[in-house]
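Below is one structure, written out as structure tokens; comments come after it.
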Amino acid sequence: MFHQLIKNQMDRMSPNQPDRIRPAMQIKDLSFHYPDQPGLFSHFNLQVEVGQRFGLFGPNGAGKTTLMNLMTGLLTTPSGTIRLFGHEMKKHQRRVNKLFGYIPQDFAFYQELSPVENLSFFGAWSGMTGPAIRKRTRELLDILGLVAVRHKKVQQFSGGMKRRVNLAIGVIHQPRLLFLDEPTVGVDVQTRHAIVNYLKQLNENGTTLIYTSHQLTEAEELCDTIALIDEGRIITHEALHSLLSRHRQEGLEALFLELTGKNFRDQSV
Amino acid sequence: MFAMPVLLVLIVTGMQRDTFDLANKNKLPLLLCNKDTGAASLQFIRAVDTMGLFEVRQIPGTQNEGMIRERLYRKEAFVAVVLPADFSAQVAARTKSLAGKALKSFGLGDSLSGPGVSVSGNPLILYYHPVLQESFRRSAEGTLYSALQLVESRQLLKTLYFSINEKELPDTLENELLSNHERISEIPVSRNDSRKTPSVSQHNVPAWTIFAMFFVVVSLGSGIVREKRSGSFIRLKTMPTSYVVAILSKQVTYLGVTMIQTVLIFAIGVWVFPLVGLPRLDLPDDWSALILVSLLCGWCAVSYAICVGVYSETEEQANGFGVISIVILAAIGGLMIPDFILTEPFRTATKFSPLHWCLDAYYRLFLEGGKLKDVWSNVLSLVLIIAGLQGIALWGLKRKNLI
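Just so you know, the protein sequences line up as chains C and X, in that order. Count the first sequence with the working numbering and you get residues 255 to 523, in order. Count the second sequence with the working numbering and you get residues 86 to 488, in order.
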């Protein structure tokens with residue numbers, strides 16, 4: 255009787271499949287639009303499997319940022335569902351928020367605090383314990399080369415260092431899924447190399463990546479699967495190497511231009 | 086956050102003390118131009134001097150109106166009085182006329198009226214600088230009228246006495262008749278029967294402490310705007326903890342700040358004020374009431390700052406609106422002008438200022454010697470205001486999709 259109650263409770267909390275079979279992220283029948291942009295997404299579907307390094311690309315105004323905001327819960331879905339590891343975002347927002355990390359394009363931390371203070375604050379905010387935060391902070395500062403400046407105010411840092419702090423905060427709670435919005439914009443080659451390598455390392459350890467960027471050469475290096483969207487629709491969604499060979503293109507940039515055209519997309523304000 | 090409020094309380098209390106002490110220690114300079122050579126003008130000058138409001142500075146009687154005006158422009162004084170050349174004659178004429186009427190009414194015949202008795206013209210001319218506020222001008226006028234009345238009464242008494250007794254009024258009787266033997270017994274009402282006269286510190290320290298508390302809007306309001314506009318807010322939104330918790334933790338922190346401000350300002354009132362010549366601040370007997378009211382005042386200030394932060398789009402907006410609205414709320418809340426002297430519409434408006442309820446609660450404790458049971462209505466009002474402000478802030482957060 256007691257076991258049955260627990261089972262029922264568990265079934266309600268995590269329905270159907272075990273985690274490893276469930277997709278990391280699943281969008282079903284999503285419709286969303288802004289008042290001034292009717293029908294941006296209409297009955298939109300997308301699925302990202304566990305362990306993928308998924309790239310989401312498209313020209314300006316295609317709906318990438320909106321989709322990223324919907325997937326991370328920054329925007330609410332009026333119709334359709336978004337599930338992370340089987341948990342519906344709308345219904346289990348708090349639980350779902352524990353499962354993913356988000357590296358926004360903007361520097362998402364307190365500039366007047368040091369890296370250690372930022373990591374402590376956001377770690378606590380993620381529900382981590384003090385010792386776990388301290389251990390993870392040491393690891394991340396070491397991996398991302400921030401040990402020497404760990405107690406300095408972030409506002410004094412270079413763009414590259416700030417990007418690394420941004421990344422460290424997003425992964426402090428060891429999320430199973432990581433959303434990355436232009437994680438390397440405005441950094442030098444060395445920092446880009448270090449960040450991409452670290453992201454690959456995270457993926458090897460089981461973190462699913464959902465990445466969006468205009469850096470298509472970096473995307474080729476990082477992503478194994480891509481989706482190209484335009485005007486709220488998916489133009490293509492498949493493994494990168496098969497997509498390139500099917501279209502007989504050597505690089506993602508040429509493929510991008512072939513599929514989305516060469517016209518400017520951001521001509522209106 | 087701490088130095089400026091302390092400075093504010095010190096300076097304002099010091100300045101208010103000077104105003105309060107005007108009648109006792111600091112006298113208002115008065116230029117007196119006596120063109121008269123009679124005895125009445127000398128009696129008048131002596132009477133003005135005795136009243137204590139003015140520091141009488143006599144200027145030559147040869148000075149004309151233009152010269153006196155120049156002296157006022159140079160701010161040698163803010164008030165000037167000219168006693169015309171016929172001042173004594175005018176006083177004599179007026180009193181003779183009055184005495185005649187009095188004798189006639191007594192049935193003693195009017196032996197005083199006759200040709201040459203005239204009471205026309207103004208015995209005094211008062212000039213004042215336009216910066217002199219209405220209240221000061223009224224005080225000055227009142228004092229001068231009292232002095233003039235004293236001179237006239239003396240003259241009237243002498244005239245009447247001479248008419249009836251046909252001899253001069255003896256000095257002893259004159260002094261006895263004219264000096265005021267009845268004293269007004271002033272008793273400040275207090276709930277604890279302390280009958281202690283409230284000092285300038287009792288009035289000012291609580292008022293300006295509330296003002297300082299509400300200035301937390303500058304730091305907290307703009308902090309919320311900064312956070313909303315920065316990427317850190319996006320990060321917080323994607324984390325498992327609700328932003329409501331962030332708002333609550335900010336409230337607890339800033340409530341702590343307002344309490345530190347309060348303790349600091351009260352401590353300065355108690356221990357530093359006497360060292361700089363200001364009256365010592367006497368804390369209320371009921372500490373539990375003082376703590377409760379201080380906490381509610383602080384929370385009210387923090388709630389207001391949160392509201393400003395939630396609804397402002399930019400830091401400039403939060404700071405500008407926050408500061409100006411606090412000054413307005415302080416003005417209509419009775420911090421700058423006592424609400425009992427306001428007209429009915431303004432007195433009604435005071436009820437809409439949270440600072441009014443804070444001030445009223447503090448005054449019940451600091452001035453009336455009240456206890457917890459005496460401030461329940463204020464406590465309830467403050468709780469309702471806080472709940473209202475929190476509700477408005479939460480509604481704003483929801484409407485802006487921030488929670």
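Each residue gets a CB set at the ideal place from its N, CA and C atoms; glycine is no exception.
Starting from residue i, follow the beta strand (DSSP E) in both directions and report where the run begins and ends.
i: Arg430 (chain C); result: Element bounds for Arg430 (chain C): n/a, residue is neither H nor E.
i: Pro114 (chain X); result: 113-119
i: Val408 (chain X); result: No beta strand (DSSP E) holds Val408 (chain X); the alpha helix (DSSP H) holding it covers 400-417.
i: Gly309 (chain C); result: 307-311
i: Glu492 (chain C); result: 487-493
i: Gln475 (chain X); result: Where Gln475 (chain X) is concerned, there is no enclosing beta strand (DSSP E), although the alpha helix (DSSP H) it sits in stretches over 461-484.
i: Gln280 (chain C); result: 279-288
i: Ala187 (chain X); result: Ala187 (chain X) -> not in any beta strand (DSSP E); alpha helix (DSSP H) instead, spanning 172-191.
i: Ser307 (chain X); result: Premise fails: Ser307 (chain X) lies in the alpha helix (DSSP H), 301-314, not in any beta strand (DSSP E).
i: Phe431 (chain X); result: First-last for Phe431 (chain X): 429-435, but that is the alpha helix (DSSP H), not the beta strand (DSSP E).
Ends of the alpha helix (DSSP H) at residue i?
i: Arg365 (chain X); result: It is not in any alpha helix (DSSP H) - Arg365 (chain X) carries neither H nor E in the DSSP assignment.
i: Gly137 (chain X); result: No alpha helix (DSSP H) contains Gly137 (chain X), which DSSP labels as neither H nor E.
i: Gln455 (chain C); result: 443-458
i: Thr338 (chain X); result: 328-352
i: Ser248 (chain X); result: 219-250
i: Arg276 (chain X); result: Neither: Arg276 (chain X) is in no alpha helix (DSSP H) and is coded neither H nor E.
i: Ile483 (chain C); result: Premise fails: Ile483 (chain C) lies in the beta strand (DSSP E), 479-484, not in any alpha helix (DSSP H).
i: Tyr396 (chain X); result: 372-396
i: Arg337 (chain C); result: Per DSSP, Arg337 (chain C) belongs to no alpha helix (DSSP H); it is in the beta strand (DSSP E), 333-338.
i: Thr514 (chain C); result: 506-514
i: Ile447 (chain X); result: Sequence check: residue 447 (chain X) is Tyr here, not Ile. First-last of the alpha helix (DSSP H) with Tyr447 (chain X): 439-451.
Chain C beta carbons: is any one of them nearer than 8 Å to that of residue i?
i: Arg142 (chain X); result: no
i: Gly316 (chain X); result: yes
i: Thr33 (chain X); result: Residue 33 (chain X) lies beyond the residue range present for chain X, which begins at 86 and ends at 488; the question has no answer from this structure.
i: Arg320 (chain X); result: yes
i: Thr326 (chain X); result: yes
Would residue i count as contacting chain X if we go by Cβ distances under 8 Å?
i: Ser380 (chain C); result: yes
i: Leu462 (chain C); result: A quick correction: the sequence has Thr, not Leu, at residue 462 (chain C). No, because no Cβ of chain X sits closer than 8 Å to the Cβ of Thr462 (chain C).
i: Phe411 (chain C); result: no
i: Ile281 (chain C); result: no
i: Gly327 (chain C); result: yes
i: Phe592 (chain C); result: No answer is possible for residue 592 (chain C): it lies beyond the span of chain C, which begins at 255 and ends at 523.
i: Ile387 (chain C); result: no
i: Ile423 (chain C); result: yes
Can you list, in chain order, the residues of its chain whose CB lies under 8 Å from that of residue i, leaving out five sequence neighbours each side?
i: Pro208 (chain X); result: Leu168, Pro169, Phe172, Gln175, Val176, Arg179, Leu233
i: Lys458 (chain X); result: none
i: Ala473 (chain C); result: Gly309, Phe311, Tyr465, Ser467, Ile480, Leu506
i: Phe163 (chain X); result: Leu113, Pro114, Leu157, Tyr213, His214, Val216, Leu217, Phe221
i: Val94 (chain X); result: Asn289, Val290, Trp293, Thr294, Ala297, Ile350, Ile353, Gly354
i: Thr228 (chain X); result: Val133, Met136, Leu138, Phe139
i: Leu259 (chain C); result: Note on Leu259 (chain C): pLDDT 42, under 50, position unreliable in the model; the coordinate value appears next. Here the set comprises nothing.
Based on Cα-Cα distance, which residue from the options lies nearest to residue i?
i: Ser307 (chain X); options: X:Pro439, X:Gly405, X:Gln218, X:Gly476; result: X:Gly405
i: Leu117 (chain X); options: X:Glu140, X:Gln101, X:Ala125, X:Thr98; result: X:Glu140
i: Arg348 (chain C); options: C:Val408, C:Asp478, C:Pro358, C:Ser380; result: C:Ser380
i: Leu450 (chain X); options: X:Ile210, X:Arg159, X:Thr338, X:Arg276; result: X:Arg276
i: Ile376 (chain X); options: X:Leu127, X:Asn486, X:Ala446; result: X:Ala446
i: Leu421 (chain C); options: C:Thr445, C:Cys477, C:Thr326; result: C:Thr445
i: Lys456 (chain X); options: X:Asp370, X:Ser462, X:Leu479; result: X:Asp370
i: Lys407 (chain C); options: C:Glu475, C:Glu371, C:Glu504; result: C:Glu371
i: Tyr396 (chain X); options: X:Leu479, X:Thr347, X:Thr323; result: X:Leu479
i: Pro429 (chain C); options: C:Gln365, C:Ile397, C:Ser496, C:Gly460; result: C:Gly460
i: Glu226 (chain X); options: X:Glu429, X:Leu211, X:Ser373; result: X:Leu211
Here's a check: name, in chain order, each residue in its chain whose Cβ is nearer than 7 Å to the Cβ of residue i, leaving out the five neighbours to either side.
i: Val202 (chain X); result: Reliability of the predicted coordinates at Val202 (chain X) is poor, the pLDDT of 48 falling under 50, and the value obtained from them is presented with this limitation in mind. Cβ within range, chain order: Ala178, Lys181, Ser182.
i: Leu513 (chain C); result: Leu482, Ile489, Thr490
i: Trp489 (chain X); result: One cannot answer for residue 489 (chain X) here, as it falls past the ends of chain X, which runs 86 to 488.
i: Asp442 (chain C); result: Gly414
i: Leu241 (chain X); result: Thr180, Leu183, Ala184
Please return the same chain residues whose Cβ sits closer than 6 Å to the Cβ of residue i, not counting the five positions on each side in sequence.
i: Pro369 (chain C); result: Leu400, Arg404, Val419
i: Ser296 (chain C); result: Ser285
Contact residues within the segment 361-373 of chain C, judged by C-beta distance below 7 Å to chain X: Phe361, Ala362, Phe363, Tyr364
Residues of the segment 340-360 of chain C whose Cβ lies closer than 7 Å to any Cβ of chain X, in chain order: Arg348, Asn351, Lys352, Tyr356, Pro358, Asp360
Contact set between the segment 477-488 of chain C and chain X, restricted to residues whose Cβ is under 9 Å from the partner: none
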